[in-house]
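Below: the structure, in structure tokens.
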Amino acid sequence: MSKLVLFQNLVYSEQFDIVCVCETWLHEGVLDNEILQNYTVYRNDRLNSRGGRVLVAIKSDLRSIRRNHLEGTNCEQVMVEVFPLGHPKLIIGVFYRPPNDNIDSLLELHSSLDKLDESCRLILARDFNLPKIDWSHDYPTPASNNNQNEELFCEIIADNFLSDLVTGPTHIQGNKLDCILCNHTSMISNVTCTQLHNIFPTDHYLINFEINICCNRAKPVKRSVYDYKSADFPGLRTHLNYVPLDLAISEKTDINECWQIWKDLFLTSVEEFVPKKTVSDKNTPPWIDREVKYLIKKNTRPCAAIA
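Below you can see the structure in the form of structure tokens.
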């Protein structure tokens with residue numbers, strides 16, 4: 001399977017409301033609806049080089065909007081606002097700092113966070129690639145002197161009253177490279193870091209957490225579809241033998257007109273023998289049915305046991 005299919009299986013099986021991803025390696029040739037269906041996808045792709053890139057995907061029934069003015073122009077960052085019920089503004093962000101990057105991207109992040117309202121709540125998922133940070137205290141400190149990146153990172157956390165909710169390593173080599181930074185820790189719970197092993201090919205852990213806030217959700221959209229299980233297919237086949245479908249292409253020069261006539265004749269017959277039913281749109285694609293979900297869980301059980 002491709003990485004994209006494995007990623008989709010992971011997201012659909014866990015039914016995440018919000019997904020933040022670093023190092024997507026996406027480009028303009030990949031459409032948003034090819035990545036995740038029934039999610040609103042916000043991306044920041046590199047235009048002239050490979051690697052990197054970040055995205056935030058939020059379920060379509062959650063009201064959200066991208067806040068471009070909070071994003072730096074020369075760093076890999078996405079900032080999205082969601083709309084909690086009875087709570088101040090909530091910003092969900094993702095930031096990626098490539099290894100050996102200079103200090104400019106962190107400076108842009110510092111400037112970005114300075115633009116937030118004082119009452120705004122922030123959750124920022126990050127891959128900083130800064131392994132030389134001492135996390136043994138209540139607040140992070142540089143593990144070595146005269147390192148501008150580590151010093152600025154610690155300054156950003158202190159200036160914005162941020163707390164990191166991830167404990168322990170987030171990389172298979174034992175380093176802590178990823179953070180979940182938040183300025184209101186009470187709204188985050190059940191933070192876990194899981195090695196994905198053969199579920200998904202990555203050297204980073206999956207960080208999963210719950211946001212203890214209710215948000216505005218759109219009501220499911222109801223639509224009418226054919227109920228093929230209750231269809232009278234023998235009757236439809238017999239009826240179609242007497243429908244003059246050949247009239248659609250007799251002496252017609254315009255292909256679009258021929259198609260429209262043929263379709264009208266055919267669908268009129270279908271309406272007589274195939275009843276309709278009303279369904280509500282789901283948050284997973286139709287091909288992720290009960291059997292597929294079972295097979296996904298069956299495939300991942302050994303990995304979960306090892307973890």
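In this text, residue positions in the sequence shown follow the UniProt record's numbering: the first is 1, and each later residue adds one.
In this text, a Cβ means the ideal position worked out from N, Cα and C, and glycines have one as well.
query	result
Cβ-Cβ separation, I103 to L36 (assumed contact under 8 Å), whole Å	Rounded, the Cβ-Cβ distance is 33 Å, inconsistent with contact.
Closest Cα partner of T167 within the set F209, F266 and V21	F209
R301 in three-state terms, based on DSSP	Here R301 scores only 37 on pLDDT, less than 50, and its place in the model should not be relied on; the value that follows carries that caveat. DSSP places R301 in helix when its eight states are reduced to three.
Cβ-Cβ separation, L181 to L130 (assumed contact under 8 Å), whole Å	13 Å between Cβ atoms; not a contact.
Beta-carbon spacing of S230, T278 below 7 Å	no
Beta-carbon gap between L165 and N183 smaller than 7 Å	no
Short CB-CB distance (under 7 Å) between G174 and chain D	The chain inventory of the structure shown lacks chain D, comprising one protein chain alone.
Of the residues S111, L55 and T40, the one placed nearest R46, counting alpha carbons only	L55
Exposure of H69, with buried meaning 16 or more beta-carbon neighbours within 10 Å	exposed
Euclidean distance between Cα positions of K59 and Q8	13 Å
Buried versus exposed, by CB contacts within 10 Å (16 or more), H204	buried
C-alpha gap between R121 and L90, whole angstroms	5 Å
Straight-line Cα distance separating V191 from Q148	30 Å
Own chain, CB closer than 6 Å to C75, minus 5 neighbours either side, in chain order	S105 and E108
Collapsed DSSP secondary structure at Y226 in the structure displayed	strand
Backbone secondary structure at D246 - three-state DSSP	helix
CB contact flag (E82, C179, <7 Å)	At residue 82 the sequence reads Val, which differs from the Glu that was named. No, the pair does not count as a contact, with Cβ atoms beyond the cut-off.
Rounded straight-line distance, which links the Cα of V80 to that of D117	14 Å
Terminal residues of the alpha helix (DSSP H) in which Y12 lies	K3 to E14
Proximal residues to A248 (C-beta, below 7 Å), its chain only, five neighbours per side dropped	C258, I261, W262 and L265
Buried or exposed (CB count within 10 angstroms, at least 16 for buried), E185	The amino acid at residue 185 is misidentified as Glu; the sequence shows Thr. When all chains shown are included, T185 counts as exposed.
Beta-ladder partner(s) of R63, from DSSP	According to DSSP, which records beta bridges pairwise, R63 is partnered with nothing at all.
G193 and I207 closer than 7 Å at C-beta	Inspection of the sequence shows that residue 193 is occupied by Cys rather than by Gly. Yes; because the gap between Cβ atoms is below 7 Å, this pair is in contact.
Buried or exposed by the 16-neighbour rule on C-beta atoms within 10 Å, applied to S189	exposed
Bridge-paired residues (DSSP) for F95	Q77 and R126
Pairwise C-alpha distance: R217 and I18	13 Å
C-beta contact flag for F273 and L236 at 7 Å	yes
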